[in-house]
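Notes for the one structure printed next.
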Amino acid sequence: MSQTLKSWDLNADEDTMRDLYLCFSLEDRDYAFEVRHLTEILALPAITTIPGTAPFLRGVINIRGKIIPVMDVRLRFDIPFKAYHDRTCVLLIELDGLPLGLIVDKVNDVVRIPVENIDLAPKIGESRSSRFIYATGRVGDTVKILINLQRLLTQEETHLIKDIPGA
Amino acid sequence: MERDDVLEYLLEARESLENIEKELLHFEKSTLDGSLVERELLDTLFRHFHTVKGSSGFFGLTAIVKMAHAAENLLDYLRKNPEAQDEDTLEFLITALDHLNELVEHEESSPSGGDFFSEEQTQFLNKLNQKNESIRILLQQTTEESTNKQALSEFGLFSDDVNKKNNQEEFGLFTTDPKPKVAEEFGLFTTETKQIPVEEFGLFQKSSENVAKETIQIQKADDSSKTDKKNIVKKDIRIDTDKLDSLLDIVGEIVITEPMVTDHADIAKLKLENFHKTALQLKKLIRNLQEITLSLRMVPIAGVFSRMERLVRDTAKKTGKQVQLIISGEDTEIDKSIIEEMYDPLVHIIRNAIDHGLETPDERKEAGKPTQGTIQLTATQSGKEVWIEVRDDGKGLSRDRILNKAISLGLIGYSEAEILQDQEVWDFLFHPGFSTAKEVTDLSGRGVGLDVVRKNVTTLKGFVDVFSVYGQGTTFLIRVPLTLAIIEGLVVRKSETYFILPSVDVKESMYVSNEPINELYKNNHSIQYRTNQISIVDINLLFGKDSDLNEQRTLKEKYVIVTESHEKQMGIVFDEILGNQSIVIKPISPIFKNINGLAGCTILGNGHAGLILDVRKLISQHLTSVTT
Chain A
1 MSQTLKSWDL NADEDTMRDL YLCFSLEDRD YAFEVRHLTE ILALPAITTI
51 PGTAPFLRGV INIRGKIIPV MDVRLRFDIP FKAYHDRTCV LLIELDGLPL
101 GLIVDKVNDV VRIPVENIDL APKIGESRSS RFIYATGRVG DTVKILINLQ
151 RLLTQEETHL IKDIPGA
Chain B
1 MERDDVLEYL LEARESLENI EKELLHFEKS TLDGSLVERE LLDTLFRHFH
51 TVKGSSGFFG LTAIVKMAHA AENLLDYLRK NPEAQDEDTL EFLITALDHL
101 NELVEHEESS PSGGDFFSEE QTQFLNKLNQ KNESIRILLQ QTTEESTNKQ
151 ALSEFGLFSD DVNKKNNQEE FGLFTTDPKP KVAEEFGLFT TETKQIPVEE
201 FGLFQKSSEN VAKETIQIQK ADDSSKTDKK NIVKKDIRID TDKLDSLLDI
251 VGEIVITEPM VTDHADIAKL KLENFHKTAL QLKKLIRNLQ EITLSLRMVP
301 IAGVFSRMER LVRDTAKKTG KQVQLIISGE DTEIDKSIIE EMYDPLVHII
351 RNAIDHGLET PDERKEAGKP TQGTIQLTAT QSGKEVWIEV RDDGKGLSRD
401 RILNKAISLG LIGYSEAEIL QDQEVWDFLF HPGFSTAKEV TDLSGRGVGL
451 DVVRKNVTTL KGFVDVFSVY GQGTTFLIRV PLTLAIIEGL VVRKSETYFI
501 LPSVDVKESM YVSNEPINEL YKNNHSIQYR TNQISIVDIN LLFGKDSDLN
551 EQRTLKEKYV IVTESHEKQM GIVFDEILGN QSIVIKPISP IFKNINGLAG
601 CTILGNGHAG LILDVRKLIS QHLTSVTT
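Note that the protein sequences, when read in sequence, are chains A and B. Be aware that the first sequence starts at 1, since it is given in the UniProt record's numbering, and climbs by one per residue. Be aware that the second sequence starts at 1, since it is given in the UniProt record's numbering, and climbs by one per residue.
Here you go:
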């Protein structure tokens with residue numbers, strides 16, 4: 001079930017990685033982020049919840065001896081919680097050296113979205129979940145919502161990360 | 001990249017400077033007892049300064065070069081005129097060392113092109129150069145004609161302006177040198193061998209062959225005499241801590257996985273005699289592997305201990321007391337990260353011991369003690385702990401004074417004071433804001449008290465205790481774990497989550513079948529424990545949620561773990577106790593902000609991640625929030 005992308009990730013040079021996006025779905029919407037942030041896709045292992053944290057931080061998982069925090073992207077986007085099922089995936093990403101697992105409903109595919117097909121997201125208000133979205137990408141007839149991974153941990157939170165010594 | 005090189009070099013320079021400090025303290029000992037310093041010691045010192053000078057030259061750190069050069073000159077005169085040694089020259093050398101340390105530090109934190117950054121430094125350098133100059137003149141007058149000549153040409157080289165020129169030349173030489181990288185590498189690992197000859201040529205380019213030859217010969221002789229020693233030192237290897245950490249991770253994994261395999265449920269009922277034999281063998285090997293990998297992080301405590309010599313010297317000087325430091329057990333090994341944390345507490349305790357503990361020579365004479373006070377610094381390994389003891393033979397703690405202070409601070413009442421054990425009285429010293437010093441001195445009483453020492457040691461899961469006999473001395477005993485990477489812990493479960501309570505914090509665990517809960521008010525429960533009522537909490541409550549216990553009248557088939565920290569007890573309720581085991585501590589991701597009650601994570605035999613509770617923090621947070 002788990003598929004390692006790391007091997008070709010490392011060998012691929014910058015040019016071949018460019019414009020590649022990993023698409024996943026939440027509800028009926030398609031989202032995508034740059035493939036270069038991705039390290040691995042896994043079936044959801046047992047989650048150890050951590051008491052006293054934000055609800056969207058579901059806890060930690062054990063990936064071959066490494067303890068990695070996982071975030072439920074639905075909850076982060078204010079979409080109601082949905083029970084995990086056997087297609088629920090964890091996308092392991094690395095943000096500024098910090099590993100993070102993203103829990104998503106379904107992983108679709110990797111698509112190439114050239115720059116000319118990307119339109120910056122229209123600024124319609126400053127809703128809580130729109131800050132994660134920076135653009136839309138046209139792929140054939142469909143539109144993928146491109147997310148800014150850095151913003152998943154909001155400024156306030158990333159700021160706090162820096163305050164922790166040794167982090 | 002270049003900056004990295006400089007930083008790496010500065011680390012090396014620090015090591016050289018540490019060596020210099022060590023040698024200088026030897027130097028001082030011989031100076032003080034009136035004997036002449038051995039030639040070998042002077043040579044060693046000279047070589048260290050020389051190394052610092054030479055390598056710093058590569059990186060254009062002119063200030064360091066100048067300072068080291070002046071010190072080197074002074075040493076060179078001493079080599080020729082050992083009778084000129086006195087406290088004055090020693091003081092010059094020590095101050096030069098301090099300035100060098102300062103310069104290196106400055107270069108690390110705020111690179112400024114390598115020049116002096118304070119007036120004090122330039123002034124000192126001038127003074128040192130003047131001193132050298134005066135010695136030179138003295139030498140000229142006393143030495144014979146022939147040697148005089150030789151000395152002259154040499155001194156000419158070292159005198160200020162020529163020196164500058166030479167320095168420039170040196171740099172020119174090295175920057176255009178096609179192999180600076182190679183030379184530098186030698187500098188990094190063997191301290192001199194390669195460098196010195198190269199530099200010597202630069203320095204002596206214009207001087208007579210004679211002198212150059214002689215110097216080189218000296219250097220060579222030194223090198224050969226030193227090789228034996230160096231071979232011992234060179235057994236070390238620098239390892240990237242990240243690599244070490246991942247090795248520890250993997251070994252930790254193996255340790256955890258081993259019982260998962262050998263005691264696997266699938267084979268539990270099979271009779272597998274041979275399998276169990278080999279499994280046992282594997283178990284042993286894995287234990288060895290674990291021990292060795294853990295020992296990789298272990299370093300002898302000698303590094304920190306030897307830094308205390310300087311401290312004792314300076315503090316003794318400032319207080320006008322005579323102090324002898326006796327170090328033993330310095331080869332006791334302890335986790336590197338712990339060693340680094342031990343430095344500040346030790347500095348504090350030793351300063352205290354000299355400043356408050358030891359008497360002045362006159363007082364000591366009156367008390368019938370030798371005028372020189374003794375401080376014994378000892379490290380011993382005791383099971384999974386290292387005990388570090390600082391014992392002074394000073395006047396000891398005064399029970400009355402401490403009690404008076406405690407009463408005046410409102411910590412205890414008069415009536416209680418009488419019945420307290422000595423041990424309990426000494427413990428007041430660790431109370432924040434508690435200082436027995438009559439007045440604030442330069443050395444202590446700057447608001448940093450023993451409470452900070454205890455706090456530092458407690459963070460390391462260690463303990464500090466004090467023992468004292470009035471009139472005979474005081475002993476501070478610090479006990480710290482050998483390593484922070486592995487702890488003994490009690491694994492428990494609360495619904496789906498596994499928690500680990502460090503064994504040191506657990507006082508007792510009990511199965512409670514139908515104990516009534518007293519609800520004082522919402523979220524605040526207690527049960528009868530022995531003769532006391534103790535607060536019991538649900539783990540949810542500790543993390544800011546409502547307690548599960550609110551709906552319950554009794555503890556039905558629950559386990560209560562009684563934990564203790566600073567004599568405060570708290571019961572935590574769990575569903576199941578899985579047992580004691582060694583836990584490999586892994587850090588928890590910084591993404592989880594504001595979590596104070598967790599000390600880390602681990603991976604349990606069943607593959608689940610377990611959460612290690614920081615019991616001390618939980619207790620102190622929870623119990624203060626209850627009382628206020």
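Note that beta-carbon positions come from the ideal geometry of N, C-alpha and C, so glycine has one too. Quantities reported herein were computed from a predicted structural model and do not represent experimental measurements.
- DSSP, reduced to helix, strand and coil, places residue 30(A) within a strand of the structure shown.
- Contact residues of the stretch 42-54 of chain A toward chain B are 45, 46, 47, 48, 49, 50, 51, 52, 53, 54 (C-beta to C-beta distance below 9 Å).
- When Cβ-Cβ separations below 7 Å define contact, residue 589(B) makes contact with chain A.
- Put simply, the CB of residue 93(A) is far from chain B, with every gap to its CB atoms at 7 Å or more.
- Interface annotation, residue 103(A): not in contact with chain B, CB-CB separation never under 7 Å.
- The C-beta distance from residue 339(B) to residue 299(B) rounds to 6 Å, short enough to fall under 8 Å.
- DSSP places residue 326(B) inside the beta strand (DSSP E), whose first and last residues are 323-328.
- Using a CB distance cut-off of 7 Å, residue 608(B) counts as an interface residue toward chain A.
- In this structure, the beta-carbon distance from residue 10(B) to residue 108(B) falls below 7 Å.
- Between the stretch 512-530 of chain B and the stretch 68-80 of chain A there are fewer than three inter-stretch CB-CB distances shorter than 8 Å, so the stretches are not counted as touching.
- The beta carbons of residue 101(A) and residue 61(A) sit about 6 Å from each other, so the pair counts as a contact at 8 Å.
- Take residue 138(A), set aside five residues on each side of it, and the residues of its chain with a beta-carbon closer than 6 Å to its own are 117, in chain order.
- The residue among 320(B), 264(B), 95(B) with its C-alpha nearest the C-alpha of residue 126(B) is 95(B).
- Taken in chain order, the members of the stretch 523-544 of chain B whose beta-carbon sits within less than 8 Å of a beta-carbon on chain A are 539, 540, 542, 543, 544.
- Closer than 7 Å to the CB of residue 497(B) there is at least one CB belonging to chain A.
- Annotation: Cβ neighbours of residue 60(A) in chain B (cutoff 9 Å, chain order): 588, 589, 592, 601, 609, 611.
- In the structure shown, residue 134(A) falls within a strand segment according to DSSP collapsed to helix, strand and coil.
- By the Cβ-count criterion, residue 518(B) is exposed, with fewer than 16 other Cβ atoms from all chains shown falling within 10 Å of its own Cβ.
- Scanning 79(B), 254(B), 481(B), 29(B) for the CA closest to the CA of residue 91(B) turns up 29(B).
- With 16 or more other CB atoms across the displayed protein chains lying within 10 angstroms of its CB, residue 63(B) is buried.
- Counting C-beta atoms within 10 angstroms of its own C-beta, residue 19(B) has 16 or more neighbours from the protein chains shown and is therefore classed as buried.
- In this structure residue 91(A) touches residue 38(A) by the C-beta definition: roughly 6 Å separates them, less than 8 Å.
- The criterion of a C-beta distance shorter than 7 Å is not satisfied by residue 246(B) and residue 69(A).
- Counting only residues of its own chain and dropping the five nearest sequence neighbours on each side, residue 522(B) has a CB closer than 7 Å to the CB of 550.
- For residue 490(B), the enclosing beta strand (DSSP E) begins and ends at 486-494.
- In this structure, residue 87(B) keeps its C-beta atom at 7 Å or more from the C-beta atom of residue 46(B).
- Around residue 100(A), the beta-carbon contacts reaching into chain B at under 7 Å are 591.
- When DSSP states are grouped into helix, strand and coil, residue 245(B) belongs to the helix group.
- Assigned with DSSP and collapsed to three states, residue 44(A) falls in coil, not helix or strand.
- In this structure, residue 360(B) places its C-beta atom within 7 Å of the C-beta atom of residue 321(B).
- Rounded to the nearest angstrom, the gap between the Cα atoms of residue 39(B) and residue 85(B) is 12 Å.
- Interface annotation, residue 91(B): not in contact with chain A, CB-CB separation never under 7 Å.
- The C-beta distance from residue 113(A) to residue 21(A) rounds to 5 Å, short enough to meet the 8 Å contact threshold.
- At least 7 Å separates the beta-carbon of residue 334(B) from that of residue 292(B).
- A distance below 7 Å between beta-carbons, with the five flanking residues on each side excluded, links residue 506(B) to the following residues of its chain, in chain order: 490, 561, 563.
- Cβ atoms of residue 572(B) and residue 602(B) stay farther apart than 8 Å, at about 18 Å.
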